[in-house]
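Contents: one structure, followed by commentary.
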Amino acid sequence: MSNEGLINIHSVIPFSKINGPGNRMVIFFQGCNKRCPGCFNPNTHHFETVNLYSPEAIFKKHPVNGIDGITVSGGEPFLQHDGLLKLLKAAKEMYGLSTIVYTGLTYNELEERPDYLSCLSFIDALVDGRYEESKKEKTLLARGSTNQRFYFFSSRYTEADFYMAGKIEFIIGKNGIVTKTGFSNIGIRIN
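The sequence shown maps to residues 3 to 193 in my numbering.
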C-alpha cells in the first residue's frame, strides 16, 4: 500500500470547546523539527509513523455532526503540506467547517514556500510562530505564547473570538484514557 495522500496523525480529539471558538475537532499532526522548550505537545515531535489516515478516513472515523470546525495542530502541520491541503479542502468543501491551523513557522516563513501558501485559501484563522515558554500567554484562548500572531483569511473569525481566560479540558476516551488539552496559565501540558 502506498502512503501517498496519507497524513501521519498523532491523535484526534473529536469534540473540544477550548481549542478555538465553538465545538471543534482537533487533529494533531505527527512530526515537528522545532522542538520548542515547554511545548504543549512533546509527544508529537518524533517523525515515526503513528497513524496514517486520508482526510476521508479521518472524517469517517470522527463524524462532523455537532462540530463547528477543525483545529489542526501538531507537530508541525506544514511539514505534511500535501495532506494538510487535502484535509483543509475536505473540511471546507465537503463539510462546510471552519478551519484553524497552528504552526511553529512564522507567516513570513510560510510566504517563502508556494507549496505552503496553497493551504492558506482554506484556512479561516492561522496562529503562527514558535512557542516561547518565557512569553507564555495568560489571557487568550488559542495562543500559547505572546509572540504568536493571528492571521485571518476569511470573515468567519476575528481576534475577539479567541479571547478567554486560559482553560483546559480533560477528555475521557472510550478506552478510558484521559487526555488533557487546551491553554492554561498553570503550566499543564498535553501528554
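Even glycine gets a Cβ: it sits at the ideal position worked out from N, Cα and C.
query                                                                                                   : result
Contiguous alpha helix (DSSP H) assignments of at least 4 residues, all confined to the region 33 to 77 : 57 to 63
Boundaries of the beta strand (DSSP E) in which residue 153 is found, first to last residue             : 151 to 154
Element boundaries [beta strand (DSSP E), containing residue 104]                                       : 100 to 104
Beta bridge counterpart(s) of residue 2 as assigned by DSSP                                             : In the structure displayed, the chain extends from 3 to 193; residue 2 sits before or after that span and is not available.
Cβ-based neighbour list, residue 22, same chain, cut-off 6 Å, excluding 5 preceding and 5 following     : 73, 102 and 144
Residue range of the beta strand (DSSP E) that includes residue 10                                      : 9 to 18
Within 8 Å, strictly: CB atoms of residue 34 and residue 77                                             : yes
Residues near residue 149 in its chain [Cβ-Cβ closer than 8 Å; skip 5 each side]                        : 131, 132, 134 and 137
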